[in-house]
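K.L.:
Protein chains: 2
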Amino acid sequence: MPTPSPSQAAPPPAESNRGDRARERLIDAAMEIFSERNLEGARTREIAAAAEQNVASISYYFGSKEGLYHAVFERIASDLRQTMGAQIKEIEQLHAAHAITRPLAVSLLKRLMRTLYIHVRTKDSQGNGGVGRLIVREQIAPTPAFDIVYERAIRVVHETTAILVAAYLEADPKDPIIIIRTHALLGQLLVFVTARETIRRRLGLPPFGKLPPETEHRVRDTIARILEEQAEAQLVGLAACNFPTIASPDALHRVISPIQQDPT
Amino acid sequence: MPTPSPSQAAPPPAESNRGDRARERLIDAAMEIFSERNLEGARTREIAAAAEQNVASISYYFGSKEGLYHAVFERIASDLRQTMGAQIKEIEQLHAAHAITRPLAVSLLKRLMRTLYIHVRTKDSQGNGGVGRLIVREQIAPTPAFDIVYERAIRVVHETTAILVAAYLEADPKDPIIIIRTHALLGQLLVFVTARETIRRRLGLPPFGKLPPETEHRVRDTIARILEEQAEAQLVGLAACNFPTIASPDALHRVISPIQQDPT
DNA sequence: CCCGCTTTCAAACAATTGTTTTAAACAATC
DNA sequence: GATTGTTTAAAACAATTGTTTGAAAGCGGG
Chain A
1 MPTPSPSQAA
11 PPPAESNRGD
21 RARERLIDAA
31 MEIFSERNLE
41 GARTREIAAA
51 AEQNVASISY
61 YFGSKEGLYH
71 AVFERIASDL
81 RQTMGAQIKE
91 IEQLHAAHAI
101 TRPLAVSLLK
111 RLMRTLYIHV
121 RTKDSQGNGG
131 VGRLIVREQI
141 APTPAFDIVY
151 ERAIRVVHET
161 TAILVAAYLE
171 ADPKDPIIII
181 RTHALLGQLL
191 VFVTARETIR
201 RRLGLPPFGK
211 LPPETEHRVR
221 DTIARILEEQ
231 AEAQLVGLAA
241 CNFPTIASPD
251 ALHRVISPIQ
261 QDPT
Chain B
1001 MPTPSPSQAA
1011 PPPAESNRGD
1021 RARERLIDAA
1031 MEIFSERNLE
1041 GARTREIAAA
1051 AEQNVASISY
1061 YFGSKEGLYH
1071 AVFERIASDL
1081 RQTMGAQIKE
1091 IEQLHAAHAI
1101 TRPLAVSLLK
1111 RLMRTLYIHV
1121 RTKDSQGNGG
1131 VGRLIVREQI
1141 APTPAFDIVY
1151 ERAIRVVHET
1161 TAILVAAYLE
1171 ADPKDPIIII
1181 RTHALLGQLL
1191 VFVTARETIR
1201 RRLGLPPFGK
1211 LPPETEHRVR
1221 DTIARILEEQ
1231 AEAQLVGLAA
1241 CNFPTIASPD
1251 ALHRVISPIQ
1261 QDPT
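Here the protein sequences come in this chain order: A and B.
Sequential numbering of the first sequence, starting at 1, is according to our numbering.
Sequential numbering of the second sequence, starting at 1001, is according to our numbering.
1. For residue 1046 (chain B) versus residue 1130 (chain B), is the C-beta distance shorter than 8 Å?
2. Determine contact between the segment 160 to 170 of chain A and the segment 1182 to 1194 of chain B, defined as no fewer than three beta-carbon pairs at a distance below 8 Å.
3. For the alpha helix (DSSP H) holding residue 228 (chain A), just list the boundary residues, first then last.
4. From A:163, A:117, A:197 and A:159, pick the residue whose C-alpha is nearest to that of residue 228 (chain A); which is it?
5. Within 10 Å of its beta-carbon, does residue 1024 (chain B) have 16 or more other beta-carbons around it, so buried, or fewer, so exposed?
6. Alpha carbon to alpha carbon, how far is residue 1217 (chain B) from residue 244 (chain A)? Give it in angstroms, no decimals.
7. Can you tell me where the alpha helix (DSSP H) with residue 1098 (chain B) in it begins and where it stops?
8. Would you say residue 91 (chain A) and residue 108 (chain A) are within 8 Å of each other, going by their C-beta atoms?
9. How about the segment 1197 to 1206 of chain B and the segment 1174 to 1183 of chain B: do they share at least three Cβ pairs that are nearer than 8 Å?
10. Run through DSSP, which three-state label would residue 1009 (chain B) get?
11. Quick check: the segment 1069 to 1076 of chain B against the segment 1134 to 1142 of chain B, are there 3 or more CB pairs under 8 Å?
12. If you draw a straight line from the alpha carbon of residue 127 (chain A) to that of residue 166 (chain A), how long is it in whole angstroms?
13. Between the beta-carbon of residue 1177 (chain B) and the beta-carbon of residue 198 (chain A), is there less than 8 Å?
14. Specify the secondary structure class of residue 26 (chain A) as computed by DSSP and reduced to three states.
15. Thinking C-alpha only, which one of A:213, A:150, A:114 and A:88 is nearest residue 162 (chain A)?
16. Taking Cβ-Cβ distances below 8 Å as the criterion, which residues of the segment 187 to 210 of chain A are in contact with chain B?
17. Would you say residue 1185 (chain B) and residue 1145 (chain B) are within 8 Å of each other, going by their C-beta atoms?
18. Please return the same chain residues whose Cβ sits closer than 6 Å to the Cβ of residue 17 (chain A), not counting the five positions on each side in sequence.
19. Among B:1106, B:1026, B:1062 and B:1027, which has the Cα closest to the Cα of residue 1237 (chain B)?
20. Taking 8 Å as the threshold (C-beta atoms), are residue 1030 (chain B) and residue 1072 (chain B) in contact?
21. Which parts of the segment 1034 to 1081 of chain B are runs of the alpha helix (DSSP H), unbroken and 4 residues or longer, counting only runs that do not cross its ends?
22. Just the chain B side, please: which residues come within less than 8 Å of residue 177 (chain A) by C-beta, in chain order?
23. Tell me whether residue 1175 (chain B) sits in a helix, a strand or coil according to DSSP, three-state version.
24. Are any of the Cβ atoms in chain A nearer than 8 Å to that of residue 1142 (chain B)?
25. In the DSSP assignment, find the unbroken alpha helix (DSSP H) run with residue 1167 (chain B) in it and report its ends.
26. Among A:189, A:225 and A:50, which residue has its Cα nearest to the Cα of residue 120 (chain A)?
27. Residues of chain B with CB closer than 8 Å to the CB of residue 232 (chain A), please, in chain order.
28. So, helix, strand or coil for residue 127 (chain A), using DSSP?
29. Answer yes or no: does any C-beta atom of chain B fall closer than 8 Å to that of residue 266 (chain A)?
30. Look at the Cβ atom of residue 141 (chain A), then the Cβ atom of residue 1036 (chain B), and state whether they are nearer than 8 Å.
31. Against chain A, with Cβ distances strictly below 8 Å, would residue 1223 (chain B) count as a contact?
32. Let me know if residue 97 (chain A) comes out buried or exposed under the rule of 16 or more other beta-carbons within 10 Å of its beta-carbon.
33. Using a Cβ-Cβ cut-off of 8 Å (strictly less than) and excluding sequence neighbours within five positions of residue 138 (chain A), which residues of its own chain qualify?
34. I'd like to check one pair, residue 40 (chain A) with residue 1041 (chain B): are the Cβ atoms closer than 8 Å?
35. Closest Cβ-Cβ distance between residue 184 (chain A) and chain B: below 8 Å?
36. Closer than 8 Å, Cβ to any Cβ of chain A: which residues of the segment 1084 to 1097 of chain B, in chain order?
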């Protein structure tokens, strides 16, 4: 046999030229095609063709189709972490210093929502939500690839958002109720990725890719702005309604808490 | 050739015995397997085996694998419509009579959210969100099957929800901003279907299917209650924040409106 | 009891899949 | 400039896919 596939671990500092170029192109193409069809639906030949590479190269560089899929999610996790990293760190520090007031929580949350939304709507080859689609597919039918993006990116984003929600409601970020509320809040954002086709039809927009990029840009920014408003309104409303936030003496906690363990 | 496949149109009143039984079993099994793997990922042999039917029967009854997939979505649409039909009609009538006050809008919305959530969490063979997963997959990568469930179910639910949001904010249910806000609101619900794995891990719950049905029941009801609260808080907050709701003199409308046409 | 129809079944088919193979082309070090 | 190791290329492979085939089995009415 010629050369065994280079173990699919992360490339330490090795940044040569020819091979890495091919790897990049393959990941790029794979990201696009895996987002349209899924893992089983995507054909290796199609990916190779889109990357202007030979079919054998995917086996050569990534060991297998799954290996390439894996690599795609490594990149997704890295990209997401890089985009959100600074904000997350800032929020964590402010939280540790007990310095998050209500108005600050609102502005931090709005910025986080906007950044996150713009990221998942932009970080892809086409104007389509490639990254978002890939993640959602893993959410509804997880494979080992989900661990990568969850542990390295989704989890911290979720936890950080929970810090802001908890700060505003003067509650514990680890409270199951706060976590559920945080999840719901992030859902307002995610739904524009997951239920893309519905909002497209409801707004009477042409099929994706069919409208001029400049217009698409503006639609995206419009939604981002409304998302900020929704987030602020949600917090304001929750505080006004004064629903139970501390789960300890609450029935809900008694339901979820005993199960709660192994939070890996 | 033996018998050509009976055209895959809806069986008018024909409700015989032997054949329809097989059809039902096939649809049941297909619903489950299509929700785990997707259209391409599911194997006809596996579906047939789960239905205790021969492989050829799927070609025989539905013409093809796609035909069966189609039939699955016909049922999904029917089920959803049947669950939501009464509430939708009631809301439409109240709206036509201009009888929706703010408190009424809140209670109608809460009931709608709860019913919808319970439906997508319950209407499946396992305790898993089979229906939800199938719909989400179609949202992120629509096939002709999406038309069925959108036109026959999703659209009316979305429009009806928009009526309630608009009523509370004293705005036009057709206002693009209201539609976007409605979409975000429904996203709070959908995220518990689409980002299932994330909320599971964040709550430290065991893998789905691994926890006793009684507990799962209570978790479901807990989330449903919080969703009601979130919806109420969202409306209250939006009214308090007094964001622009009428799009006419707004920049957003100038963005979206000129594209808006062909609302099929 | 036999005949028309529908339904079931096991086997076979043609097409496509991911992957391997084999060898040629390339780049760089000596 | 020959000889490394690395990368590409085309073809071949074994396995699996959705579907078809052709006949047997069930079932109802004459």
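Using N, Cα and C, we set each Cβ at its ideal position, and we do this for glycine too.
P.N.:
In brief:
1. no
2. no
3. 213 to 241
4. A:117
5. exposed
6. 21 Å
7. That residue, residue 1098 (chain B), is in no alpha helix (DSSP H); it is neither H nor E in DSSP.
8. yes
9. no
10. Reliability of the predicted coordinates at residue 1009 (chain B) is poor, the pLDDT of 33 falling under 50, and no value is obtained from them.
11. yes
12. With a pLDDT of only 49 at residue 127 (chain A), under 50, the local geometry of the prediction cannot be trusted, and the value read off the model is given with reservation. Each residue's alpha carbon lies about 34 Å from the other.
13. no
14. helix
15. A:88
16. 187, 188, 189, 190, 191, 192, 193, 194, 195, 196, 197, 198, 199, 201, 202, 203, 204, 205 and 206
17. no
18. none
19. B:1106
20. yes
21. 1044 to 1050 and 1055 to 1062
22. 1226
23. coil
24. yes
25. 1155 to 1169
26. A:189
27. 1237 and 1241
28. In this predicted model, residue 127 (chain A) has a pLDDT of only 49, less than 50, meaning its place in the structure is not dependable enough to derive any value.
29. Since the first and last residues shown for chain A are 1 and 264, residue 266 (chain A) lies out of range.
30. yes
31. yes
32. exposed
33. 73, 145, 146 and 149
34. yes
35. yes
36. none
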